[in-house]
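> Before we start, here is the structure in question, set down as C-alpha cells.
Below, the structure written as C-alpha cells:
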C-alpha cells in the first residue's frame, strides 16, 4: 500500500478508531465508578473486569448492538451473519487503530 491516498485514508481511519475507543472507554469508566460501591475500585476482580471491558467492549459493542443486544438474543441466521460481519469489520478497524498508534509512537520516518 504505497499509494499516498490509501495511506492517508488508513491513517485517518486509525485515528478515528482511537478516538472512538477512548470516548467509549471514558463512558465505561464513568459508569464503572458510578455503579460500584466506593472501596471496591481497588479490588483485583473489579479492576480486571474493568480492564477487559475497556479493552474488548469497544470492539464487541457494534456487533451486539446490531442484533440481539449485549445479551445476544439474536435468533436468526441473518442476524448472526450480520453480527459476524460487523465484528470482523470492527476488529479490522481496531487493528488499523493499533497500527496507527504504533506508527505514530515511532516518530517520523528517517529518525
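In this note's numbering, the protein residues as written are 56 to 166. By construction, the Cβ of each residue, glycine as well, lies at the ideal position given by its N, Cα and C atoms.
For residue 62, report the span of its alpha helix (DSSP H) as first-last.
That run of the alpha helix (DSSP H) goes 59-90.
> Leaving aside the five residues before and after residue 74 along the sequence, list all residues of the same chain whose C-beta is less than 8 Å from its C-beta, in chain order.
The answer is none, since no qualifying residue turns up.
> Tell me which same chain residues have a C-beta within less than 8 Å of the C-beta of residue 79, skipping the five on either side of it?
These residues qualify, in order along the chain: 112, 113 and 116.
> Just to confirm, does residue 150 get its C-beta within under 6 Å of one of the non-hydrogen atoms of the ligand GDP?
For the ligand GDP, the structure offers nothing, since it holds no ligand at all.
> Measure the CB-CB distance between residue 138 and residue 121 and report whether it falls below 7 Å.
Cβ atoms of residue 138 and residue 121: closer than 7 Å.
> Please classify residue 69: is it buried, with 16 or more other beta-carbons within 10 angstroms of its beta-carbon, or exposed?
Classification for residue 69: buried.
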